[in-house]
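Note sheet for the following structure.
2 protein chains.
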Amino acid sequence: MSRSTLTPVSYLVLGWLADGPATPYDLKRKVAHSVGYFWSFPHSQLYAEPARLVELGLLEEEQEQTGRHRRVYSITETGRRAFEDWLQEPSSEMPEIRDIGLLKLFFGEALSSESVVALARAQEQAHLEKLSTYEELERTIPEMATFGRAALQAGFAFERTFIEFWSEIAAHPPTAPGNERSS
Amino acid sequence: MSRSTLTPVSYLVLGWLADGPATPYDLKRKVAHSVGYFWSFPHSQLYAEPARLVELGLLEEEQEQTGRHRRVYSITETGRRAFEDWLQEPSSEMPEIRDIGLLKLFFGEALSSESVVALARAQEQAHLEKLSTYEELERTIPEMATFGRAALQAGFAFERTFIEFWSEIAAHPPTAPGNERSS
DNA sequence: GGGTACATGTAATCAGTTACATGATTTA
DNA sequence: TAAATCATGTAACTGATTACATGTACCC
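Quick mapping for you: the protein sequence lines, in order, are chains A and B.
When we follow numbering that gives the first Met the number 0, the leftmost residue of the first sequence carries the number 0, and every step to the right adds one.
When we follow numbering that gives the first Met the number 0, the leftmost residue of the second sequence carries the number 0, and every step to the right adds one.
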């Protein structure tokens, strides 16, 4: 029964195709300016995944007869139901943090205060930039769908939280016992 | 040159072994009560990964001669240097959010307000529970290392942010145009 | 008409997960 | 001593990434 497991990317593809047929490249563009910001993956997956979904009967594939002979995918009724069932079910699955910076901080016992501060500043900076990206997004895509906008708010909150966290670390770096500088 | 890429899990293993030799099972236990909370993976990886690191010369493997003949891994000088180099470099890599709940919210156009609220409540609940876990952790492991404690603060901040986000969504669910209830 | 950027795709590899499986210890 | 639980490990699979590769359109 291994063929029956749909991953988040499966639903992501189904979700976009629920709005109408598209080629992998269409999907790539749509994703790039939306969910791609908080759930990214290489475009090759947008070629592989629809193929899998066709085998499961959730999508239909059609070759363009003209020009580039691109593959156009559309959702089947089965696919639409699978998507809606998934969407409907209030999931309790939790995201994991999986943050390289935090991992380094966790092992920071061995680091000098300066290094910890450098790490914190680098992270703060990166989060600031991501926050700018989100703000830019909000400004430049005024027609963004209501729900896209809602998800974007989570992005704001997320980045702001980490900016504050790292800024606090930079201001007061934790000190390993035996590693203190004479203050 | 594919064998030369170290993943976060590689560094995680190196980081623990930098403190002294351990078996995969030791690692499993250590991880379970620390980084595992924000970066989890099945224990099988803690058998596979050290083997890979041995091939790279970053670890050494020794079989116990007595009892269970378990494999004991210790870090080599090369390994220690690789770990410290990684640790030292202030990384700007950013975590991704990759949140199933947000993904559903993003596609929520098609949902009724009730369903959106149900989703938000489920997510809020899950984050509340995770927050409790963290608080419990802090209470029950008073000897936690300074840096573990610091990373834990990020966990608190993260959970609180999402609790607030979802609670806000539950209170004021976004409404798709054409989907409003007559209020 | 040559370069450059965008568009479109495939093949190979691998990290990570799932599933299975058995050995040792404790407890009832 | 049976059962349950903890400890320890392996094999197979596959989703996801990396790397490669070529086509088309536009611009100078």
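For glycine and all other residues, C-beta sits at the position ideal for the given N, C-alpha and C.
None of the values given here were measured: they were computed from a predicted structure.
Would you mind reading off the limits of the beta strand (DSSP E) that contains residue i?
| i | result |
| --- | --- |
| B:E60 | L58 to Q62 |
Can you tell me which of the options puts its alpha carbon nearest to the alpha carbon of residue i?
| i | options | result |
| --- | --- | --- |
| B:E134 | B:Y46, B:A153 and B:V116 | B:A153 |
| B:I96 | B:M143, B:A175 and B:T160 | B:T160 |
| A:A149 | B:A175, B:F146 and B:R80 | B:A175 |
| B:Y24 | B:H68, B:Y46, B:G56 and B:H171 | B:Y46 |
| B:S111 | B:R70, B:G56, B:P94 and B:P172 | B:P172 |
| B:R80 | B:V34, B:L58 and B:R69 | B:L58 |
| A:A117 | A:T22, A:A170 and A:S9 | A:A170 |
| B:E167 | B:P41, B:E83 and B:A119 | B:A119 |
| B:E92 | A:E128, A:T75, A:R69 and A:Q62 | A:E128 |
| B:E83 | A:E76, A:D84, A:L104 and A:E83 | A:L104 |
| A:Q44 | A:W165, A:Q62, A:V12 and A:H126 | A:V12 |
| A:A156 | A:L55, A:S131 and A:A50 | A:S131 |
| B:H126 | B:F37, B:L5 and B:D18 | B:F37 |
| A:E60 | A:H42, A:M143 and A:T22 | A:T22 |
| A:T145 | B:P141, B:F106 and B:R138 | B:F106 |
| A:P7 | A:A121, A:P49 and A:H32 | A:P49 |
| A:Y10 | A:R51, A:R28, A:E158 and A:H32 | A:R51 |
| A:R70 | A:G147, A:E158, A:G78 and A:P20 | A:P20 |
| B:G147 | B:H32, B:A121 and B:E158 | B:H32 |
| B:S39 | A:E158, A:T139 and A:P94 | A:P94 |
With DSSP as the reference, identify every bridge partner of residue i, one or two as the case may be.
| i | result |
| --- | --- |
| A:S73 | A:E59 |
List the endpoints of the continuous alpha helix (DSSP H) containing residue i.
| i | result |
| --- | --- |
| B:G100 | I99 to F105 |
| A:D25 | P23 to A31 |
| A:A149 | T145 to A170 |
| A:V116 | S112 to T139 |
| B:A50 | Q44 to E54 |
| B:S9 | P7 to L16 |
Quick one: list the residues of chain B neighbouring residue i, beta-carbon separation under 9 angstroms, in chain order.
| i | result |
| --- | --- |
| A:Q124 | S91 |
| A:E113 | Under the 9 angstroms cutoff, chain B gives no residues; its nearest Cβ is about 10 angstroms from A:E113. |
What I want to know is whether the C-beta of residue i ends up closer than 8 angstroms to one or more non-hydrogen atoms of the ligand PLP.
| i | result |
| --- | --- |
| A:E128 | With respect to the ligand PLP, the structure offers nothing, as it holds no ligand at all. |
Output, in chain order, the set of chain B residues within a Cβ distance shorter than 8 angstroms of residue i.
| i | result |
| --- | --- |
| A:S39 | E95 |
| A:A121 | P89, S90 and S91 |
Throw me the rounded Cβ distance for the residue i and residue j pair, which I believe falls under 8 angstroms.
| i | j | result |
| --- | --- | --- |
| B:S114 | A:Q87 | 6 angstroms |
| A:L102 | B:V34 | 7 angstroms |
| A:S90 | B:I99 | 5 angstroms |
| A:W165 | A:E123 | 4 angstroms |
| A:E137 | A:L151 | 6 angstroms |
| B:K29 | B:W15 | 6 angstroms |
Could you work out which residues of chain A lie near residue i, taking near to mean beta carbons separated by less than 9 angstroms?
| i | result |
| --- | --- |
| B:Y10 | I99, L102, K103 and F106 |
| B:G152 | The question names Gly, yet the displayed sequence has Gln at residue 152 of chain B. The answer, in chain order, is F164, E167 and I168. |
Anything in chain A within Cβ reach of residue i, meaning under 8 angstroms, just list it in chain order.
| i | result |
| --- | --- |
| B:P173 | T145, F146, R148 and A149 |
| B:V34 | L102 and F105 |
| B:A117 | P89 |
| B:P7 | R97, I99 and L102 |
| B:K129 | M93 |
Run through chain A and tell me which residues come within less than 7 angstroms of residue i, C-beta to C-beta.
| i | result |
| --- | --- |
| B:A31 | Residues of chain A passing the Cβ test: none, with the nearest at roughly 14 angstroms. |
| B:A81 | By Cβ distance, chain A contributes nothing, its closest Cβ being about 13 angstroms from B:A81, past 7 angstroms. |
| B:L86 | K103, F106, A109 and L110 |
| B:T160 | A156, F157 and T160 |
Please list the partners that residue i has in chain B, where partner means a Cβ-to-Cβ separation under 7 angstroms.
| i | result |
| --- | --- |
| A:I168 | A149 |
| A:G14 | F106 |
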